[in-house]
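Okay, structure first, notes after.
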Amino acid sequence: MINTSIKFLKLLPPEIAHSITLKALKFIKFKLDTSEDQILHQHLFGLDFSNPIGLAAGFDKNAEVVKSMFSMGFGFVEVGTVTPKPQKGNQKPRVFRLEKDNAIINSLGFNNKGLIKVKKNISKIKNNFARNKIIGVNLGKNKNTLNAVDDYFLGIEQLGDLSSYITINISSPNTDGLRDLQLRGNFENLIKQIVKKREEIESINKKPILIKISPDLNEDQLRDIALISLANNIDGLILTNTSTKRPNNLKTKNPPYKGGISGKPLFENSNKILKKMYNLTNGQITLIGVGGISNGSDCFEKIKSGASLVQLYTALTYSGPLLVSKIKNELIYLIKTDGYKNISEVVGKSV
Ligand SMILES: Cc1cc2nc3c(=O)[nH]c(=O)nc-3n(C[C@H](O)[C@H](O)[C@H](O)COP(=O)(O)O)c2cc1C
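Quick note, in this note's numbering, the sequence shown goes up one by one and the last residue is 563.
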């Protein structure tokens with residue numbers, strides 16, 4: 213039944229398939245996957261993660277299907293990217309499947325329903341079932357906002373209290389100028405202001421702040437980000453977002469030029485960035501590894517490369533809802549086979 217549905221969805225244009233998936237996920241009752249092995253448990257930035265596998269931002273931009281995602285077995289769910297005002301995003305078509313490469317290219321441009329709607333949705337979830345679940349909120353800026361920090365402040369003020377952690381997304385390639393916020397002067401200025409804002413609001417002054425960065429940064433830029441993050445007590449870095457580079461070993465001929473690539477072709481480069489960041493931060497900042505994970509072995513490699521947690525998106529669209537349980541089982545097997553007592557022991561082992 214699940215395999216037939218996945219085959220059917222793949223016949224549709226990707227954005228239509230995604231909106232049907234979201235509608236279905238709102239109504240289908242999954243059997244809750246509550247089977248958690250203690251070997252996968254970690255306590256990180258003040259939160260208890262029952263397993264390290266999270267839903268990456270972009271799948272549930274408006275916090276509409278969080279319950280179903282936990283039922284699939286995710287240890288945490290990141291909603292968003294949400295911008296202060298609702299916006300439609302870039303012109304369609306803007307999502308392309310690269311089936312032969314197990315990849316997606318998207319140039320969505322933060323299409324989302326805005327802070328007010330997302331706040332309502334998260335409040336409902338928190339009241340109904342997810343009081344103890346880890347829900348991160350990924351914040352962005354509206355296309356026409358000139359001073360980006362204003363939008364991040366609005367996001368923090370509106371959603372900081374309701375979220376388990378806040379992600380500052382400065383790495384989407386589909387909003388003009390956004391990725392420039394990763395450059396030294398801009399980055400330092402932004403981070404200092406955001407950290408100060410968190411201190412000013414009493415109810416969130418211990419809320420973890422994470423920064424999501426691009427796989428297309430060079431060595432110097434990564435070093436700047438590491439040093440500034442360490443100096444300002446940033447809790448975590450998420451590596452990485454999608455890439456505007458097109459690996460030359462893609463099987464798909466003439467892939468779309470615009471947009472960011474995700475899935476398998478991103479795996480190698482995002483791991484490289486992860487390892488470098490683990491080195492640059494001496495393991496002192498929690499890293500979340502994302503990019504191209506499709507099985508337990510990919511996940512194990514990310515953790516050995518320095519990630520304490522991982523996230524995925526693209527593989528879910530190719531493999532369907534049983535993927536998360538499968539990855540967890542494979543991961544437990546790999547941890548035990550290599551003689552580790554728990555997942556924390558694995559972090560950074562191959563760096
Ligand atoms: C269609 C699509 C939309 C995405 N939207 C967002 C987004 O709104 N915010 C964000 O931070 N990342 C977004 N991402 C990036 C993912 O969160 C993730 O970083 C990237 O896809 C790499 O992981 P994957 O290879 O497992 O997909 C999006 C990815 C895809 C495929």
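We treat Cβ as the ideally placed atom computed from N, Cα and C, and that holds for glycine.
Bridge partners of residue 315 according to DSSP: 310 and 475. In this structure, residue 270 keeps its C-beta atom at 8 Å or more from the C-beta atom of residue 233.
Here residue 320 carries a coil assignment [DSSP, helix/strand/coil].
When DSSP states are grouped into helix, strand and coil, residue 501 belongs to the strand group.
Using a C-beta cut-off of 8 Å, the segment 519-530 makes contact with the segment 491-511, since at least three inter-stretch Cβ pairs fall below that distance.
Taken atom to atom, the span from the alpha-carbon of residue 291 to that of residue 450 is near 14 Å.
For residue 335 and residue 418, the gap between their C-alpha atoms comes out near 20 Å. Of the other Cβ atoms in all chains shown, fewer than 16 fall within 10 Å of the Cβ of residue 443; this residue is therefore exposed. Residue pairing by DSSP puts residue 351 in a beta bridge opposite 294 and 380. Beyond the five residues adjoining it in sequence on each side, residue 541 comes within less than 8 Å, by CB distance, of 508 in the same chain, given in chain order. Of 314, 266 and 214, the smallest CA-CA separation from residue 467 is found for 314. Residue environment: residue 445 is assigned as exposed (fewer than 16 neighbouring CB atoms within 10 Å of its CB, all protein chains considered). Fewer than three Cβ pairs drawn from the segment 477-492 and the segment 336-354 lie within less than 8 Å of each other, which leaves the two stretches out of contact. Counted as a single uninterrupted DSSP element, the beta strand (DSSP E) harbouring residue 424 occupies residues 421-425.
Residue 282 holds the alpha-carbon nearest to the alpha-carbon of residue 343 among 254, 282 and 424. Its Cα nearest to that of residue 401, the residue 360 stands out among 273, 360 and 512.
In the DSSP assignment, residue 261 falls within the unbroken beta strand (DSSP E) covering 259-261. By a beta-carbon distance limit of 8 Å, residue 317 contacts residue 471. Their separation comes to about 5 Å.
Measuring C-alpha to C-alpha distances from residue 377 to each of 350, 386, 252 and 453 identifies 350 as the nearest. Residue 288 sits in a strand when the DSSP states are folded into three classes. Residue 539 sits in a helix when the DSSP states are folded into three classes. Under the DSSP assignment, residue 255 falls in the beta strand (DSSP E) whose first and last residues are 254-256. Residue environment: residue 549 is assigned as exposed (fewer than 16 neighbouring CB atoms within 10 Å of its CB, all protein chains considered).
Non-local beta-carbon contacts of residue 333 in its own chain, meaning distances under 7 Å to residues more than five positions away in sequence, involve 274, 275 and 276 in chain order. For residue 329, the CB contacts under 8 Å within the same chain, skipping 5 residues up- and downstream, are 274 and 298 in chain order.
Residue 379 and residue 367 have their C-alpha atoms spaced approximately 10 Å apart.
Approximately 4 Å separates the beta-carbon atoms of residue 452 and residue 482; this is inside 8 Å, confirming the contact. Ligand 1 has no heavy atom closer than 7 Å to the beta-carbon of residue 515. The beta carbon of residue 544 sits closer than 7 Å to the beta carbons of 249, 251 and 252 from its chain, once the five residues preceding and following it are set aside; these are given in chain order. Taking a 10 Å sphere around the C-beta of residue 216, we find fewer than 16 other C-beta atoms and assign the residue as exposed. Setting aside the 5 residues that flank it on each side, residue 325 is surrounded in the same chain by 274 and 298, each with a C-beta closer than 6 Å to its C-beta; the list follows chain order.
With at least 16 other beta carbons inside 10 angstroms of its own, residue 319 counts as buried.
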